[in-house]
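Below is one structure, written out as structure tokens, with a few remarks after it.
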Amino acid sequence: MGFVVLAVPLFGFIAFVLYLVFYLFQQGIGVLSWRFLTQPPTAGMTEGGILPCIVGTATVTFISLLFSVPVGIGSGIYLAEYAPNNFLTRLIRSSVRSLAGVPSIVYGLFGVALFVSAMKLGMSVLASGLTLGLVNLPWIITTSEEAMTAIPGSFREGALALGSTKWESIRRNVLPYAFPGILTGVLLAVARTVGETAPILFTGVTYYARQLPTSLSSKFMALPYHLFALATQHDQVAKTRPIAFGTALVLLVFVLAFDTLAFVLRMRVARTNTWQV
Numbered sequence: 001m002g003f004v005v006l007a008v009p010l011f012g013f014i015a016f017v018l019y020l021v022f023y024l025f026q027q028g029i030g031v032l033s034w035r036f037l038t039q040p041p042t043a044g045m046t047e048g049g050i051l052p053c054i055v056g057t058a059t060v061t062f063i064s065l066l067f068s069v070p071v072g073i074g075s076g077i078y079l080a081e082y083a084p085n086n087f088l089t090r091l092i093r094s095s096v097r098s099l100a101g102v103p104s105i106v107y108g109l110f111g112v113a114l115f116v117s118a119m120k121l122g123m124s125v126l127a128s129g130l131t132l133g134l135v136n137l138p139w140i141i142t143t144s145e146e147a148m149t150a151i152p153g154s155f156r157e158g159a160l161a162l163g164s165t166k167w168e169s170i171r172r173n174v175l176p177y178a179f180p181g182i183l184t185g186v187l188l189a190v191a192r193t194v195g196e197t198a199p200i201l202f203t204g205v206t207y208y209a210r211q212l213p214t215s216l217s218s219k220f221m222a223l224p225y226h227l228f229a230l231a232t233q234h235d236q237v238a239k240t241r242p243i244a245f246g247t248a249l250v251l252l253v254f255v256l257a258f259d260t261l262a263f264v265l266r267m268r269v270a271r272t273n274t275w276q277v
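Mapping of the sequence shown onto UniProt numbering: position 101 corresponds to residue 101, and the numbering continues sequentially without gaps.
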């Protein structure tokens, strides 16, 4: 009886999600074409494609990774290997994990205050990328630290006993085994970044642009905001609905691709890490 009580809502939720994916695929697949993926929007976004949205999303995601990956992995390594086990370290660790649950719109407002206003970057692709980098940081720091601490201490002790320095033992004996777990965290952060709207809404995304961003100070289009604009702000919803479904399907494919890759890596790590702690 208990199994049934637990299984019914679980399988009901899975069925609902599969229905949503099937419905989105059914509505959006008819729009997808090479022209749709490689042409800019035309006729007030009622025709054409979504190339500026794809390029804009890829650009801000790449900028966010340039900022968040080195800082996040470095911070995770420090917390796992170098930070003393005291109140300050525990406070920092708790604060980082709490930041992962902060609504993304708060990061957007912080990005406006810091990057757009204080640093005078203006509303631009650079300001948006840095803001998304802040969104990524808690995820990457936490997953990097967990991947490092999952490696048995004997790996470090053996290297130190053979005369390696602490950094050499980390670089040669810990990081290679922790790397798949770290990469999984990065991919999950990318999957979240691709679908974020609020952080870029205030820092650089624009409603309509036929041209691709030509510099770091340019405004840009992005897939999630384009979908939001077509669904809620356009005055010809009937004409834009097919394009909105096509945009949503492309966005879903991107997110599922990164999530699937992260899942595959996690399963690979679970099979290969057979040591005994």
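Glycine included, every Cβ here is placed at the ideal spot set by N, Cα and C.
Predicted model only: the values in this text are computed from it and were never measured.
Residue i versus residue j - alpha carbon distance
i	j	result
residue 185	residue 19	28 Å
residue 127	residue 235	29 Å
residue 216	residue 205	12 Å
residue 157	residue 62	37 Å
residue 203	residue 271	42 Å
residue 15	residue 6	15 Å
residue 200	residue 10	34 Å
residue 277	residue 31	Low confidence applies here, because residue 277 scores a pLDDT of 41, under 50, leaving its location unreliable; read the following figure in that light. Cα to Cα, residue 277 sits roughly 52 Å from residue 31.
residue 268	residue 45	43 Å
residue 132	residue 193	6 Å
residue 257	residue 113	33 Å
residue 228	residue 88	42 Å
residue 177	residue 151	7 Å
residue 101	residue 140	13 Å
residue 51	residue 93	40 Å
residue 232	residue 99	30 Å
residue 142	residue 90	13 Å
residue 189	residue 64	10 Å
residue 230	residue 198	16 Å
residue 170	residue 136	24 Å
residue 211	residue 265	37 Å
residue 155	residue 259	30 Å
residue 103	residue 96	14 Å
residue 164	residue 79	21 Å
residue 263	residue 175	20 Å
residue 26	residue 17	14 Å
Status (buried if at least 16 other CB within 10 Å, exposed otherwise) for residue i
i	result
residue 8	exposed
residue 120	exposed
residue 166	exposed
residue 148	buried
residue 22	exposed
residue 284	Beyond the ends of the chain as shown, which are 1 and 277, falls residue 284; an answer cannot be given.
residue 85	exposed
residue 129	buried
residue 43	exposed
residue 253	exposed
residue 108	buried
residue 162	exposed
residue 138	buried
residue 33	exposed
residue 118	exposed
residue 47	exposed
residue 168	exposed
residue 70	exposed
Where residue i sits in the DSSP three-state scheme
i	result
residue 220	strand
residue 59	helix
residue 277	Residue placement at residue 277 is poorly supported in this model, since its pLDDT is 41, which falls under 50; the coordinates are not used for a value here.
residue 31	coil
residue 206	coil
residue 213	coil
residue 196	coil
residue 42	strand
residue 278	The shown model of the chain, from 1 to 277, leaves out residue 278, and the question about it has no answer.
residue 233	coil
residue 164	coil
Same chain, Cβ closer than 7 Å to residue i, neighbours up to 5 away in sequence not counted
i	result
residue 144	72, 73, 76, 77, 182 and 185
residue 35	49
residue 57	194, 222 and 223
residue 261	187
residue 28	245, 246, 248 and 249
Same chain only: Cβ atoms within 8 Å of residue i, ignoring 5 sequence neighbours per side
i	result
residue 219	123, 124, 125, 204, 205, 206, 209 and 213
residue 37	49, 50, 51, 54 and 250
residue 115	121, 126, 127, 130, 131 and 203
residue 59	125, 129, 213 and 220
residue 110	131 and 134
residue 196	104, 132, 135 and 224
Beta-carbon proximity list for residue i, same chain, < 6 Å, skipping 5 on both sides
i	result
residue 81	170
Extract the residue ranges of the alpha helix (DSSP H) inside the segment 74-153, only unbroken runs of 4 or more that lie entirely within it. List check, alpha helix (DSSP H) in window: 87-99, 104-111 and 125-149.
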